[in-house]
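Undergrad: Dumping the structure here so I can ask a few things about it.
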Amino acid sequence: MNPVPRLTAVGRGLSFWAAVLAVGCTASRPAAPLLRVSPAALRPALPLAKLAPMPFIAAYEVFRDSAPAVWGHGMRLGASWRLNLPEGAALSGLAAVPREGVLVAHSVPEGWNDVLRRLDPAGQEAAAGPFPRYVRGLDILGTGRDAVLLAHEMYRVQVLSWDGRPLWATEKTGAQFAAADLDGDRRPELLAAGGYTGEVAAYDREGKPLWTRADMGHISDLAGGRFLLGPADGVAVLTAGPRESGVTLLDSKGKTLASLAEPCAPLAGTGLDRKGGTALLAILCSGHGAERLRLKLLEAAEGALRVVGENVLGWSELSALRAADLDGDGADELVLGTTAGWVLVYSNRGEWLSERHWFGRITDLAAGDVDGDGREEVVVGVGGHEPAVYLVQVEPGSVRPVVP
Ligand SMILES: [Ca+2]
Ligand SMILES: [Ca+2]
0 MNPVPRLTAV GRGLSFWAAV LAVGCTASRP AAPLLRVSPA ALRPALPLAK LAPMPFIAAY
60 EVFRDSAPAV WGHGMRLGAS WRLNLPEGAA LSGLAAVPRE GVLVAHSVPE GWNDVLRRLD
120 PAGQEAAAGP FPRYVRGLDI LGTGRDAVLL AHEMYRVQVL SWDGRPLWAT EKTGAQFAAA
180 DLDGDRRPEL LAAGGYTGEV AAYDREGKPL WTRADMGHIS DLAGGRFLLG PADGVAVLTA
240 GPRESGVTLL DSKGKTLASL AEPCAPLAGT GLDRKGGTAL LAILCSGHGA ERLRLKLLEA
300 AEGALRVVGE NVLGWSELSA LRAADLDGDG ADELVLGTTA GWVLVYSNRG EWLSERHWFG
360 RITDLAAGDV DGDGREEVVV GVGGHEPAVY LVQVEPGSVR PVVP
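Shown next, in the form of structure tokens:
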């Protein structure tokens, strides 16, 4: 059964051209000073204490694809392993570490500290140990074996190395994060936004503040990507406030390049790399009253943002969004999770490709090429009565038996 009615009305929405504005830059000021992290605050980092392994199920549970050949000859999309979390545990963060594996942070029933688990690409536990409570999200800061970002202690931004060493932190709070290559060296910098504070701050890889914008309104999400011509990435700021909602595109210095007012409030966004050319911005937005969740694809061209694709997702309620090149063809797919347990996969043209339903809520998604085969995996966190983590990947269809 389809979770949502689908339209493939790519190319609709051009009426928003009229709303495209290019506004000037407001003065940038330096971001807040760096706060040194006491290593003790995050102890133990390495080595993590070994805990008993979690249940592990080696199987390949196949997704329902829109067409048999969608992933190429002999390949299909499915989940290759599942990690069961303790009953009553809440997932607090997921990260997919390229060529290393997966990090999972979760609470423990009746325990004070969270637990951080490091799994290898096959889902086997490599290390685990207690971790400070209030983890609010893990993410890999860019590509390669790069730093892991962690927000905890009232959303203060913390950055760790991928193997758990604390690197740096800010005094600023952060509720939304994005990585973007702001200096064009193909190594990403960090952007953090304070949500209702209207503030976006950029930091270099060592935590040095680069710039801050404090006039953005109620920020619902951030996205970095090659939205612009030139060596450096652009930054998309999504605002969903009571008075205004829309998308503002910033250049690598934080200067406004273009903005687009949106009648439906953008909840989340991500950059979708295409083969060559500039990236698309994918946003999920919900309208007021009877409006349904919508996927919109935006392109930056000639100083303006314009809608180039749109898909109505029905009554789904978004809980997570990621871009991932699942089939390794150089073009990102869009993966989204809903509160009703659906994981839905779309192409960068807004076409539905694949789906899978789990009982529970999709609490988090992480993407990265964890096994180094050139195709990105997506780590899916499912919350509810039986919380679990799944690894979703494209595989040759004949490799493993299908589990009913
Ligand atoms: Ca792809
Ligand atoms: Ca892979």
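Residue numbers (numbering that gives the first Met the number 0): 0 to 403. Even for Gly, the Cβ is constructed at its ideal location relative to N, Cα and C. Computed from a prediction, not measured in an experiment: that's the story for all the values here.
1. How about Gln392: is its Cβ closer than 7 Å to a heavy atom in ligand 2?
2. What does the alpha-carbon distance come out to for the pair Val147 and Ala177?
3. Could you give the C-beta distance for Leu82 and Phe62, rounded to a whole number, given that I count them as a contact under 8 Å?
4. Identify which residue in Thr337, Gly373, Arg348 has its Cα closest to the Cα of Arg360.
5. Report the three-state DSSP secondary structure of Thr338 (helix, strand or coil).
6. For ligand 2, any of its heavy atoms closer than 7 Å to the Cβ of Asp119?
7. Would you mind reading off the limits of the beta strand (DSSP E) that contains Pro129?
8. Following the continuous beta strand (DSSP E) through Trp167, name the residue where it begins and the one where it ends.
9. Can Gly71 and Asp326 be called in contact, C-beta distance under 8 Å?
10. Give the range of the beta strand (DSSP E) segment to which Ala146 is assigned.
11. In whole angstroms, what is the alpha-carbon distance linking Pro262 and Ala239?
12. Start and end of the beta strand (DSSP E) containing Phe358?
13. Taking only three categories from DSSP, how would you classify Arg42?
14. Taking DSSP as the reference, what is the three-state secondary structure of Gly110?
15. Checking contacts by CB at 8 Å: is Gly240 closer than that to chain D?
16. If you drop the 5 nearest sequence neighbours on each side, which residues of the same chain put their C-beta closer than 7 Å to that of Leu317?
17. Would you please state the rounded distance, in angstroms, between the beta carbons of Ala168 and Arg155? I believe it to be under 8 Å.
18. Residues near ligand 2, CB to any non-hydrogen atom under 7 Å, in chain order?
19. Are the CB atoms of Val344 and Leu352 nearer to each other than 8 Å?
20. Under the three-state reduction of DSSP, which class applies to Gly382: helix, strand or coil?
21. Considering just the uninterrupted stretch of the beta strand (DSSP E) at Tyr202, what are its terminal residues?
22. Does Thr196 come out as helix, strand or coil in the three-state DSSP assignment?
23. Let's see if you can read the secondary structure: which residues bound the beta strand (DSSP E) around Asp220?
24. Applying the 10 Å Cβ sphere with the 16-neighbour rule, what's the burial state of His384?
25. With a 10 Å radius around its C-beta and 16 neighbouring C-beta atoms as the bar for buried, classify Arg225 as buried or exposed.
26. Going by DSSP, what residue range makes up the beta strand (DSSP E) through Cys263?
27. Which residues in the same chain as Glu86 place their Cβ atom closer than 8 Å to its Cβ, once the five residues preceding and following it in sequence are excluded?
28. Expressed to the nearest angstrom, what Euclidean distance is found between the alpha-carbon atoms of Arg305 and Ser160?
29. Ignore the nearest five residues each way along the sequence and tell me which others in Asp372's own chain have a CB closer than 7 Å to its CB.
30. In the DSSP assignment, the beta strand (DSSP E) including Thr211 goes from what residue to what residue?
31. Helix, strand or coil for Lys295 per DSSP?
TA: To lay it out plainly:
1. In the sequence shown, residue 392 corresponds to position 393, counting from 1. Flag set: Cβ of Gln392 near ligand 2.
2. The sequence position of residue 147 within the sequence shown is 148, counting from 1. The sequence position of residue 177 within the sequence shown is 178, counting from 1. In a straight line, the C-alpha of Val147 is about 12 Å away from that of Ala177.
3. Start at 1 with the first residue of the sequence shown, and residue 82 comes out as number 83. Start at 1 with the first residue of the sequence shown, and residue 62 comes out as number 63. A Cβ-Cβ distance of about 18 Å is found for the pair Leu82 and Phe62, leaving them out of contact under the 8 Å criterion.
4. To locate residue 360, count along the sequence shown from 1; it is residue 361. Residue Thr337 is the option with its Cα nearest to Arg360.
5. If you number the sequence shown from 1, residue 338 lands on position 339. Under the three-state reduction of DSSP, Thr338 is assigned to coil, being neither helix nor strand.
6. Here residue 119 corresponds to residue number 120 of the sequence shown, with the count starting at 1. No; taking the cut-off as 7 Å, the Cβ of Asp119 has no heavy atom of ligand 2 nearer than that.
7. Numbered from its first residue, the sequence shown carries residue 129 at position 130. Segment 124-130, the beta strand (DSSP E) holding Pro129.
8. As a first step, residue 167 is located in the sequence shown; it is residue number 168 there, counting from the start. If you look at Trp167, you'll find it in the beta strand (DSSP E) that goes 165-172.
9. Position 72 of the sequence shown, counted from the start, is the residue given in the question as residue 71. Position 327 of the sequence shown, counted from the start, is the residue given in the question as residue 326. Remark: C-beta atoms of Gly71 and Asp326 approach each other more closely than 8 Å.
10. The count along the sequence shown starts at 1 and reaches residue 146 at position 147. Neither: Ala146 is in no beta strand (DSSP E) and is coded neither H nor E.
11. Locating residue 262 in the sequence shown gives position 263, counting from the first residue. Locating residue 239 in the sequence shown gives position 240, counting from the first residue. One Cα belongs to Pro262, the other to Ala239, and the distance between them is close to 10 Å.
12. The residue you call residue 358 lines up with position 359 of the sequence shown. Phe358 -> no beta strand (DSSP E), and no H or E assigned at all.
13. In the sequence shown, residue 42 corresponds to position 43, counting from 1. Its pLDDT being 39, under 50, Arg42 is placed unreliably by the model, and the measurement read from it follows with that caveat. In this structure, Arg42 counts as coil in the three-state DSSP scheme.
14. As a position in the sequence shown, residue 110 is number 111, starting the count at 1. In the three-state reduction of the DSSP assignment, Gly110 falls in the coil class.
15. No chain D is part of this structure, which consists of one protein chain only.
16. Here the question's residue 317 lines up with position 318 in the sequence shown. Counting only Cβ-Cβ distances below 7 Å, and skipping sequence neighbours, we find Leu266, Ala267, Leu283, Leu292, Leu335, Thr337.
17. As a working note, residue 168 is residue 169 in the sequence shown. As a working note, residue 155 is residue 156 in the sequence shown. The beta carbons of Ala168 and Arg155 sit about 6 Å from each other, so the pair counts as a contact at 8 Å.
18. My final list is Asp368, Val369, Asp370, Gly371, Asp372, Gly373, Arg374, Glu375, Glu376, Gln392.
19. For the purposes of this step, residue 344 is taken as residue 345 along the sequence shown, with counting starting at 1. For the purposes of this step, residue 352 is taken as residue 353 along the sequence shown, with counting starting at 1. Result yes, Cβ atoms of Val344 and Leu352 sit closer than 8 Å.
20. The sequence position of residue 382 within the sequence shown is 383, counting from 1. Here Gly382 sits in strand by DSSP.
21. Residue 202 sits at position 203 when you count from the first residue of the sequence shown. Tyr202 -> beta strand (DSSP E) spans 199-202.
22. Within the sequence shown, the letter at position 197 stands for residue 196. Correct three-state label for Thr196: helix.
23. As a first step, residue 220 must be located in the sequence shown, where it is residue number 221. It spans 218-224 - the beta strand (DSSP E) in which Asp220 sits, taken as one unbroken run.
24. The residue given as residue 384 occupies position 385 in the sequence shown. Exposed.
25. Counting from 1 along the sequence shown, the entry for residue 225 is found at position 226. Residue environment analysis places Arg225 among the buried positions, since at least 16 neighbouring C-beta atoms fall within 10 angstroms of its C-beta.
26. By 1-based counting over the sequence shown, the position of residue 263 is 264. That residue, Cys263, is in no beta strand (DSSP E); it is neither H nor E in DSSP.
27. As a position in the sequence shown, residue 86 is number 87, starting the count at 1. Cβ within range, chain order: Pro108, His384, Glu385, Pro386.
28. For this step, residue 305 is matched to residue 306 along the sequence shown. For this step, residue 160 is matched to residue 161 along the sequence shown. Distance between the alpha carbons of Arg305 and Ser160: 37 Å.
29. Indexing the sequence shown from 1 puts residue 372 at position 373. Excluding sequence neighbours, Asp372 sits near nothing in its chain.
30. In the sequence shown, counting from the first residue as 1, residue 211 sits at position 212. Per DSSP, Thr211 belongs to the beta strand (DSSP E) from 208-212.
31. Looking up residue 295 in the sequence shown gives position 296. In this structure, Lys295 counts as strand in the three-state DSSP scheme.
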